[in-house]
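Numbering (this note's numbering), first residue to last: 5 to 176. Quick notes on the structure that follows.
Structure below.
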(Lines of atoms letter the chains of each structure in order from A; the text may use other names.)
(Lines give C-alpha, C1' and ligand atoms only; values in the text may rest on other atoms or scores of the structure.)
Protein backbone atom coordinates (compact mmCIF):
# COMPACT_ATOMS: atom_id res chain seq x y z
CA UNK A 5 0.00 0.00 0.00
CA UNK A 6 1.32 3.41 -0.93
CA UNK A 7 1.63 6.10 1.75
CA UNK A 8 -1.08 8.72 1.60
CA UNK A 9 0.20 12.23 0.88
CA UNK A 10 -1.68 14.92 2.76
CA UNK A 11 -1.52 18.67 3.22
CA UNK A 12 -1.05 19.99 6.75
CA UNK A 13 -1.06 23.57 8.05
CA UNK A 14 1.28 24.51 10.90
CA UNK A 15 1.30 27.58 13.09
CA UNK A 16 4.72 28.03 14.69
CA UNK A 17 6.09 31.19 16.30
CA UNK A 18 3.18 33.17 14.88
CA UNK A 19 3.77 32.10 11.28
CA UNK A 20 1.82 29.73 9.03
CA UNK A 21 3.61 26.93 7.16
CA UNK A 22 2.26 24.38 4.69
CA UNK A 23 3.49 20.82 4.22
CA UNK A 24 2.64 17.95 1.87
CA UNK A 25 3.92 14.59 3.04
CA UNK A 26 3.00 11.11 4.19
CA UNK A 27 0.06 11.25 6.58
CA UNK A 28 1.77 9.05 9.18
CA UNK A 29 4.50 11.65 9.73
CA UNK A 30 1.83 13.85 11.32
CA UNK A 31 0.75 11.42 14.02
CA UNK A 32 2.30 13.66 16.66
CA UNK A 33 2.65 11.06 19.41
CA UNK A 34 3.57 7.71 17.88
CA UNK A 35 3.82 6.09 21.32
CA UNK A 36 0.09 6.66 21.92
CA UNK A 37 -0.72 5.41 18.44
CA UNK A 38 1.38 2.27 18.95
CA UNK A 39 -0.07 1.67 22.44
CA UNK A 40 -3.60 1.72 21.04
CA UNK A 41 -2.74 -0.97 18.49
CA UNK A 42 -1.20 -3.10 21.26
CA UNK A 43 -4.28 -2.58 23.48
CA UNK A 44 -6.37 -4.01 20.64
CA UNK A 45 -4.24 -7.14 20.45
CA UNK A 46 -1.91 -6.27 17.59
CA UNK A 47 1.81 -6.94 17.63
CA UNK A 48 3.64 -3.73 16.84
CA UNK A 49 7.42 -3.43 16.41
CA UNK A 50 9.46 -1.16 18.62
CA UNK A 51 9.98 2.44 17.51
CA UNK A 52 12.81 2.66 15.00
CA UNK A 53 15.13 5.61 15.54
CA UNK A 54 15.30 6.24 11.79
CA UNK A 55 11.51 6.71 11.66
CA UNK A 56 10.37 10.32 11.64
CA UNK A 57 13.79 11.72 12.37
CA UNK A 58 13.93 9.84 15.68
CA UNK A 59 11.17 11.97 17.22
CA UNK A 60 8.55 9.94 19.08
CA UNK A 61 6.47 12.88 20.24
CA UNK A 62 6.30 16.12 18.28
CA UNK A 63 5.52 18.83 20.81
CA UNK A 64 6.59 22.38 21.61
CA UNK A 65 10.05 21.11 22.70
CA UNK A 66 10.71 19.09 19.53
CA UNK A 67 8.80 21.30 17.07
CA UNK A 68 11.84 23.15 15.70
CA UNK A 69 13.79 19.93 15.12
CA UNK A 70 10.76 18.30 13.48
CA UNK A 71 9.96 21.25 11.22
CA UNK A 72 13.62 21.62 10.21
CA UNK A 73 13.62 17.93 9.27
CA UNK A 74 10.35 18.35 7.35
CA UNK A 75 11.83 21.12 5.19
CA UNK A 76 11.84 18.96 2.06
CA UNK A 77 8.05 18.54 2.41
CA UNK A 78 7.24 22.22 2.83
CA UNK A 79 5.02 23.60 0.09
CA UNK A 80 4.33 27.25 -0.60
CA UNK A 81 0.79 28.56 -0.27
CA UNK A 82 1.04 30.05 -3.76
CA UNK A 83 1.93 26.65 -5.21
CA UNK A 84 -1.27 25.18 -3.77
CA UNK A 85 -3.20 28.20 -5.04
CA UNK A 86 -1.91 27.68 -8.59
CA UNK A 87 -2.73 23.95 -8.46
CA UNK A 88 -6.26 24.78 -7.33
CA UNK A 89 -6.69 27.43 -10.03
CA UNK A 90 -5.56 24.95 -12.70
CA UNK A 91 -8.04 22.31 -11.57
CA UNK A 92 -10.94 24.48 -10.39
CA UNK A 93 -12.82 24.79 -13.68
CA UNK A 94 -13.07 21.03 -14.17
CA UNK A 95 -13.77 20.23 -10.51
CA UNK A 96 -17.37 19.22 -9.88
CA UNK A 97 -16.96 19.52 -6.11
CA UNK A 98 -14.40 19.66 -3.32
CA UNK A 99 -13.85 15.92 -3.73
CA UNK A 100 -12.13 16.47 -7.08
CA UNK A 101 -9.45 18.66 -5.49
CA UNK A 102 -9.53 17.37 -1.92
CA UNK A 103 -5.85 16.35 -2.09
CA UNK A 104 -4.93 20.06 -2.10
CA UNK A 105 -6.78 20.94 1.10
CA UNK A 106 -5.31 20.52 4.57
CA UNK A 107 -6.53 17.67 6.77
CA UNK A 108 -4.86 18.97 9.90
CA UNK A 109 -3.93 22.21 11.62
CA UNK A 110 -1.08 21.92 14.12
CA UNK A 111 -0.83 24.96 16.36
CA UNK A 112 2.50 24.71 18.18
CA UNK A 113 1.95 28.18 19.67
CA UNK A 114 -1.17 27.09 21.60
CA UNK A 115 -0.53 23.31 21.81
CA UNK A 116 -3.65 22.45 19.82
CA UNK A 117 -4.40 20.11 16.94
CA UNK A 118 -7.43 20.16 14.66
CA UNK A 119 -8.26 17.43 12.23
CA UNK A 120 -10.80 17.55 9.40
CA UNK A 121 -10.80 14.71 6.87
CA UNK A 122 -13.17 12.12 5.42
CA UNK A 123 -11.33 9.00 6.64
CA UNK A 124 -8.13 7.55 8.03
CA UNK A 125 -6.19 7.75 11.26
CA UNK A 126 -7.78 10.13 13.80
CA UNK A 127 -4.88 12.58 13.84
CA UNK A 128 -6.32 14.73 16.62
CA UNK A 129 -6.36 11.77 19.00
CA UNK A 130 -2.64 10.91 19.09
CA UNK A 131 -1.26 14.15 20.46
CA UNK A 132 1.33 15.05 23.10
CA UNK A 133 0.38 15.20 26.78
CA UNK A 134 -1.10 18.56 27.71
CA UNK A 135 -2.30 19.29 24.18
CA UNK A 136 -5.88 19.71 23.01
CA UNK A 137 -7.19 17.90 19.96
CA UNK A 138 -10.49 18.26 18.15
CA UNK A 139 -12.21 17.29 14.94
CA UNK A 140 -13.34 20.62 13.51
CA UNK A 141 -13.64 22.40 10.18
CA UNK A 142 -10.67 24.66 10.98
CA UNK A 143 -10.63 26.06 7.42
CA UNK A 144 -13.91 27.81 8.14
CA UNK A 145 -14.27 27.81 11.93
CA UNK A 146 -10.88 28.94 13.23
CA UNK A 147 -10.70 32.63 14.18
CA UNK A 148 -8.82 35.09 12.01
CA UNK A 149 -6.05 35.55 14.61
CA UNK A 150 -5.25 31.81 14.50
CA UNK A 151 -5.72 31.08 10.78
CA UNK A 152 -5.81 34.36 8.84
CA UNK A 153 -7.77 34.52 5.60
CA UNK A 154 -4.62 35.85 3.92
CA UNK A 155 -3.01 32.42 4.55
CA UNK A 156 -5.86 30.42 2.96
CA UNK A 157 -4.78 29.64 -0.60
CA UNK A 158 -8.38 29.01 -1.69
CA UNK A 159 -9.44 32.59 -0.95
CA UNK A 160 -8.73 34.79 -3.97
CA UNK A 161 -9.74 38.38 -3.35
CA UNK A 162 -13.45 38.23 -2.55
CA UNK A 163 -13.83 34.68 -3.91
CA UNK A 164 -13.76 31.72 -1.54
CA UNK A 165 -13.09 28.82 -3.92
CA UNK A 166 -13.69 26.24 -1.18
CA UNK A 167 -17.15 27.66 -0.59
CA UNK A 168 -17.83 27.68 -4.34
CA UNK A 169 -16.67 24.06 -4.64
CA UNK A 170 -18.97 23.01 -1.81
CA UNK A 171 -21.88 24.82 -3.47
CA UNK A 172 -21.07 23.12 -6.81
CA UNK A 173 -21.04 19.75 -5.09
CA UNK A 174 -24.33 20.39 -3.32
CA UNK A 175 -26.05 21.30 -6.59
CA UNK A 176 -24.84 18.17 -8.44
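Idealized CB from N, CA, C, for every residue including glycine.
Endpoints, the alpha helix (DSSP H) within which residue i is located
i, result
"residue 63", "Unbroken run through residue 63: none, as it is neither H nor E."
"residue 9", "No alpha helix (DSSP H) contains residue 9, which is instead part of the beta strand (DSSP E) from 9-16."
"residue 113", "Counting along the chain, residue 113 falls outside any alpha helix (DSSP H), and DSSP gives it neither H nor E."
Proximity below 9 Å, CB of residue i to CB of residue j
i, j, result
"residue 64", "residue 115", "yes"
"residue 27", "residue 107", "yes"
"residue 21", "residue 84", "no"
"residue 13", "residue 110", "yes"
"residue 95", "residue 167", "no"
"residue 36", "residue 121", "no"
"residue 30", "residue 10", "yes"
"residue 105", "residue 23", "no"
"residue 127", "residue 134", "no"
"residue 113", "residue 15", "yes"
Residue i: first and last residue of the uninterrupted beta strand (DSSP E) it sits in
i, result
"residue 119", "116-119"
"residue 137", "136-139"
Residue i (DSSP reduced to helix, strand or coil)
i, result
"residue 99", "helix"
"residue 164", "strand"
"residue 156", "coil"
"residue 151", "coil"
"residue 21", "strand"
"residue 130", "coil"
"residue 105", "coil"
"residue 124", "coil"
Decide yes or no for the touch test of the stretch 147-166 against the stretch 39-52: beta carbon pairs closer than 8 Å, at least 3 of them.
no
Taking only runs of the alpha helix (DSSP H) that begin and end inside the stretch 25-85, which ones reach a length of at least 4 residues, in chain order?
34-43, 67-73
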